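Student:
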Amino acid sequence: MNYAQMSAFEAVMTSATLTDAAVKLGRTQPAVTAAIKSLEAQLGMPLFERQGRKLVPVPEAQYLLAEVSEILSRMARVRSTIHALADGKGGRLNVAAMPGPISLLFPRFLADQIGTASGIKVALFARSSSQIAELARAQTIDFGFTDLPQRTTGDRLYHSQHISGDCFVALPRSHPLADRSSIDLSALDGHPMGSLQANHVHLHDVREAFDRAEAAFDCRVESQTFLPLLQFVMAEQCCAIIDPLTVAHINQTTETSERLVVRPLSRAIRYRYAIIWPKHRPASIIATHMRTAWMQEICSLLTEVDAAPRVDGLV
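According to my numbering, numbering within the sequence shown proceeds without interruption in unit steps and concludes at 1537.
1. Helix, strand or coil: which one does DSSP assign to residue 1471?
2. Tell me the rounded alpha-carbon separation between residue 1328 and residue 1319.
3. Out of curiosity, what's the CA-to-CA distance linking residue 1414 and residue 1314?
4. For residue 1228, count neighbouring C-beta atoms within 10 Å of its own C-beta (all shown protein chains included) and say buried if the count is 16 or more, exposed if not.
5. Using a Cβ-Cβ cut-off of 7 angstroms (strictly less than) and excluding sequence neighbours within five positions of residue 1497, which residues of its own chain qualify?
6. Confirm, please, whether the CB-CB distance from residue 1246 to residue 1237 is below 8 angstroms.
7. Alpha carbons only, please: which of 1445, 1272 and 1502 is nearest the one belonging to residue 1239?
8. So what's residue 1510 in DSSP terms, helix, strand or just coil?
9. How would you label residue 1476, buried or exposed, when you count the other beta carbons within 10 angstroms and need 16 or more for buried?
10. In this structure, what does DSSP give as the bridge partners for residue 1413?
11. In chain order, what residues of the same chain have a beta carbon less than 7 angstroms from the beta carbon of residue 1375, not counting five sequence neighbours either side?
12. Applying the 10 Å Cβ sphere with the 16-neighbour rule, what's the burial state of residue 1465?
13. Are the beta-carbon atoms of residue 1502 and residue 1326 separated by less than 8 angstroms?
14. Out of 1338, 1487 and 1519, which one is the CA nearest neighbour of residue 1404?
15. Does residue 1248 come out as helix, strand or coil in the three-state DSSP assignment?
16. Does the stretch 1246-1256 come within contact of the stretch 1288-1296, defined as at least 3 CB pairs closer than 8 angstroms?
17. Does the stretch 1384-1398 come close enough to the stretch 1438-1455 that 3 or more CB-CB pairs lie under 8 angstroms?
18. Along the chain, where does the beta strand (DSSP E) containing residue 1426 start, and where does it finish?
19. What ranges does the beta strand (DSSP E) occupy inside the stretch 1261-1324, keeping only unbroken runs of at least 3 residues that lie completely in it?
20. For residue 1468 and residue 1322, I'd like the C-alpha separation in whole angstroms.
21. Do residue 1396 and residue 1458 have their C-beta atoms within less than 8 angstroms of each other?
22. Whose CA, out of 1525, 1509, 1529 and 1522, lies closest to the CA of residue 1344?
See below:
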């Protein structure tokens, strides 16, 4: 049985006349009659008794109707699913992001992108940058958002798109430097500072920048991510050199923005991010769309905070 035969059979069974069935299908009456005859020939049994222009179903046709209706319904669901997948409105998305962006910016972006597309299912993982790189190497995620990964031999297993933006200084609102339009690192000479942990490339960059400014870097608080450092800044216990997406987070959270200020550096320190995705896992339409849209969202967020975003070539 093919689709044309089954749809003609169902239409005839659920219509008062052949004419009605033909109108319902958008086909001619002879075409519907021919489809019924070919179906009967294929099954080797009559499905209707012909009484003039009227087709009267035999008892066996009622059984066949239940089966055909289920098949046609299932085919309709498949077509609907495939159309949703092709339009980027359906499918499953497995994504991961580092703890900072996944607390607000990344899930908010995903929710806005999905909107009313109820056919999209999301598995969202909070992982460290090194763990996300491992997931990409294992080909188990559609894409991940990380700090710029360290180069390793495993990098050939995933693609990487790099984005960078200027860092900022987070200060308590009562800090003497809070009234300045920009901050030179020399003004932070000997001030208590918060920073990422010692093995993070950002701390290395910050220490180098302090050395160039001939300023002492006094690290009082270390954290795996930037957001916990903000609590120490608001408690007036330290200042911190933070990445631009954390600034975007601050701007979207009233309680935090009321208790600290963020100022640009007079000499830029760049913070580097990466979107990574497997080389050997075919990308779905929805994954490709979301990955591209997230890249655009990052650039938009960095532009909003005047972080001078730059996107490097695909690696």
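Every residue gets a Cβ at the ideal spot worked out from N, C-alpha and C, and that includes glycine. Remember, predicted model here, so these are calculated numbers, not experimental data.
Tutor: On the basis of the supplied data:
1. The residue labelled residue 1471 in the question sits at position 249 within the sequence shown. Looking at residue 1471 - three-state DSSP - the assignment turns out to be helix.
2. Here residue 1328 is taken as the residue at index 106 of the sequence shown, counted from 1. Here residue 1319 is taken as the residue at index 97 of the sequence shown, counted from 1. Taking the straight line joining both Cα atoms gives about 8 angstroms.
3. Working through the sequence shown from its first residue, we reach residue 1414 at position 192. Working through the sequence shown from its first residue, we reach residue 1314 at position 92. Each residue's alpha carbon lies about 46 angstroms from the other.
4. Position 6 of the sequence shown, counted from the start, is the residue given in the question as residue 1228. Looking at its Cβ environment, which holds 16 or more other Cβ atoms inside 10 Å, residue 1228 is buried.
5. One-based indexing of the sequence shown puts residue 1497 at position 275. Only 1365, 1367, 1383, 1513, 1516 and 1517 meet the Cβ criterion.
6. Translated into the one-based positions of the sequence shown, residue 1237 becomes position 15. Translated into the one-based positions of the sequence shown, residue 1246 becomes position 24. Yes; because the gap between Cβ atoms is below 8 angstroms, this pair is in contact.
7. Here the question's residue 1239 lines up with position 17 in the sequence shown. If we check each option's Cα against that of residue 1239, 1272 comes out closest.
8. Walking along the sequence shown from the start, residue 1510 turns up at place 288. Three-state DSSP puts residue 1510 in a helix.
9. Sequence index remark: in the sequence shown, residue 1476 carries index 254 (1-based). Classification of residue 1476: exposed, given that the 10 Å Cβ count is below 16.
10. Here residue 1413 is taken as the residue at index 191 of the sequence shown, counted from 1. Answer is none; residue 1413 lacks a bridge partner.
11. Counted from its first residue, the sequence shown places residue 1375 at position 153. Low local confidence applies: a pLDDT of 49 at residue 1375 is under 50, so the model's placement there is unreliable, with the coordinate-based value given in what follows. If we look at residue 1375 and ignore the five residues flanking it on each side, it has no Cβ neighbours.
12. In the sequence shown, counting from the first residue as 1, residue 1465 sits at position 243. Residue 1465 is buried by the Cβ-count criterion.
13. The count along the sequence shown starts at 1 and reaches residue 1502 at position 280. The count along the sequence shown starts at 1 and reaches residue 1326 at position 104. No, Cβ-Cβ distance for residue 1502 and residue 1326 is not below 8 angstroms.
14. For the purposes of this step, residue 1404 is taken as residue 182 along the sequence shown, with counting starting at 1. Ranking 1338, 1487 and 1519 by Cα distance to residue 1404 puts 1487 first.
15. The residue you call residue 1248 lines up with position 26 of the sequence shown. Three-state DSSP puts residue 1248 in coil, outside helix and strand.
16. no
17. yes
18. For the purposes of this step, residue 1426 is identified with residue 204 of the sequence shown, where counting begins at 1. Not the beta strand (DSSP E): residue 1426 falls in the alpha helix (DSSP H), residues 1423-1434.
19. Counting only runs of at least 3 residues, the stretch 1261-1324 fully encloses the following beta strand (DSSP E) elements, listed from N- to C-terminal order: 1270-1273, 1276-1279 and 1312-1319.
20. Here the question's residue 1468 lines up with position 246 in the sequence shown. Here the question's residue 1322 lines up with position 100 in the sequence shown. Rounded to whole angstroms, residue 1468 to residue 1322 spans 7 angstroms at the Cα level.
21. Here residue 1396 is taken as the residue at index 174 of the sequence shown, counted from 1. Here residue 1458 is taken as the residue at index 236 of the sequence shown, counted from 1. Yes.
22. Stepping through the sequence shown from its first residue, residue 1344 is reached at position 122. Of 1525, 1509, 1529 and 1522, the residue nearest in Cα terms is 1509.
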